[in-house]
Each structure stands twice: as C-alpha cells, then as structure tokens.
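For the sequence shown, position 51 (counting from the first letter as 1) is numbered 62 according to the numbering used here, and the numbering increases by one without interruption. In this text, a Cβ means the ideal position worked out from N, Cα and C, and glycines have one as well. Here the structure comes first, spelled out in structure tokens, and everything after it is commentary.
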Amino acid sequence: MEQIPLFEDRPPALQLIGGILVPMLFGLVTGFALAWNEVAYLVLVGPVGIAGGLLAGTEHVGADQGFVRGLIGGLVFSSFILLGLEILNEEPTAELPDPQAGLVVFITLISGGLGALGGGYRARFERRREGTAAG
C-alpha cells in the first residue's frame, strides 16, 4: 500500500497550502453552508471534517505530531467557519454555542484528537511495515 508523503518532506509552499490554506477555504465554505443550509453544514463539519482531520494526521508519524497538526488545522478551520458566517452576515441555520467562540474551542480540541489518531495509525503502520520488511 502506498503511503501518503510525510508533511515534513513536502516543499514549504505545499506545507502552507495543506496546513493553512486548505483549512481556511474549507472553513469558509463550511461557514457559508452554516448560513444557508443546516444539513450541508452538518455534513461538512461532521463526516467530511472528521475524514480530513484523520487524513491530515496520517501525514505525520506519531500521535504527538498529528495532535499538533490537528490543533492548528482545527483552529484555522473553525475560526474560518465563523468568519464565513460573518461575511454573509446571516443567522446560523444550526444551533451554535453561546458564545460562538465555544465552537472554535470544541472543534480545535476534537481536531487535535483526530490528528493524533491519524498520526498514531501512521506510526503503527510504519512499524508493522518495517517489521515485515525485516522478517
């Protein structure tokens, strides 16, 4: 099975795109969805966001590195959800915590956990692959 390239092995421009720009854009789109359609918002923030957090974590070897990546990505993503909602100047279609900054804290922590899971999976996969190659 071909493994996803490590984040640290990517050129700085791709690190910036994958680590900051993608969560920014995804957050904006999710924020727009929050203003327009509750189901679309829940799909983006739920299964799609969870998959993205896990996949981002697999670009790192180890739960610790994945956790940091998840925290950063989650902070950017969730901040831009609220920014997207604010840009449209609409009321949210889904219920948000009061204050809305609670959404940022919640998503950031969940994203850290997802990144840690992805990084831990990558580390276990690498150890198994090295064990198979040696044996």
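By the 16-neighbour rule on beta-carbons within 10 angstroms, L93 is buried.
In terms of Cα proximity to L53, the closest of Q14, G38, R135 is G38.
For V72, the secondary structure class from DSSP, reduced to helix, strand or coil, is coil.
No residue range can be given for T104, since it is assigned to no alpha helix (DSSP H) and is classified by DSSP as neither H nor E. Under the three-state reduction of DSSP, Q111 is assigned to coil, being neither helix nor strand. Apart from sequence neighbours up to five positions away, the residues of its chain that approach L96 with a beta-carbon distance below 7 Å are G42, L45, A46, P103, ordered along the chain.
The three-state secondary structure of Q26, taken from DSSP, is helix. Looking at the backbone, the Cα of G68 and that of N48 are separated by about 29 Å. Residues of the same chain with a CB within less than 6 Å of the CB of F78, apart from the 5 flanking positions on each side, are G123, G126, A127 in chain order. If you draw a straight line from the Cα of L66 to the Cα of R80, it comes to about 11 Å. Per DSSP, the continuous alpha helix (DSSP H) segment holding L39 begins and ends at 33–47.
8 Å or more divides the Cβ of G29 from the Cβ of A74.
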